[in-house]
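Working notes, structure below.
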């Protein structure tokens with residue numbers, strides 16, 4: 001079912017909000033292609049179930065592509081679609097804003113990513 005949005009910011013937040021979605025998109029933007037286990041290592045504290053759900057939602061929204069290789073054991077890779085790559089500037093700005101304002105926002109004692117520093 002298609003949602004009725006009042007403002008374009010709602011659309012963006014609806015797509016990238018989720019505890020891990022923004023960070024998943026960030027890492028896929030930085031690394032281009034990641035396997036599930038690699039993503040899990042980059043996101044300490046995320047459960048397998050939550051990561052699977054967030055990836056599935058990003059895939060359904062057309063931001064992430066899931067490529068399954070027909071082999072044993074199964075090999076699955078995740079990457080950004082062209083549509084997802086369009087978020088690069090937005091993700092970079094969000095990261096920079098977070099770095100500048102991390103002391104003003106509630107701290108959770110997690111290290112801030114140092115990419116693009």
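Numbering (full-length UniProt numbering), first residue to last: 1 to 117.
Just so it is clear, CB atoms sit at the ideal spot from N, CA and C, and this is done for glycine as well.
Given the structure is predicted, the values throughout are model-derived calculations rather than measurements.
Exposure of residue i, with buried meaning 16 or more beta-carbon neighbours within 10 Å
i, result
"residue 63", "buried"
"residue 7", "exposed"
"residue 78", "buried"
Separation of residue j from residue i, as counted between CA atoms
i, j, result
"residue 76", "residue 69", "6 Å"
"residue 101", "residue 49", "31 Å"
"residue 20", "residue 73", "26 Å"
"residue 31", "residue 4", "34 Å"
"residue 27", "residue 105", "22 Å"
Option in the options with minimal Cα separation from residue i
i, options, result
"residue 46", "81, 23 and 83", "23"
"residue 29", "84, 12, 36 and 37", "84"
Close beta carbons around residue i, own chain, < 7 Å, minus the five adjacent residues each side
i, result
"residue 81", "62, 63, 64 and 65"
Exercise for the section: Report yes or no: do the segment 46-55 and the segment 88-105 share at least 3 C-beta pairs separated by less than 8 Å? Expected result: The segment 46-55 vs the segment 88-105: no contact.
Practice task
Check whether the segment 91-103 touches the segment 14-34, counting contact only when three or more Cβ pairs, one atom from each stretch, lie closer than 8 Å.
Solution key: As far as the Cβ criterion goes, the segment 91-103 touches the segment 14-34, which means the pair count is three or higher.
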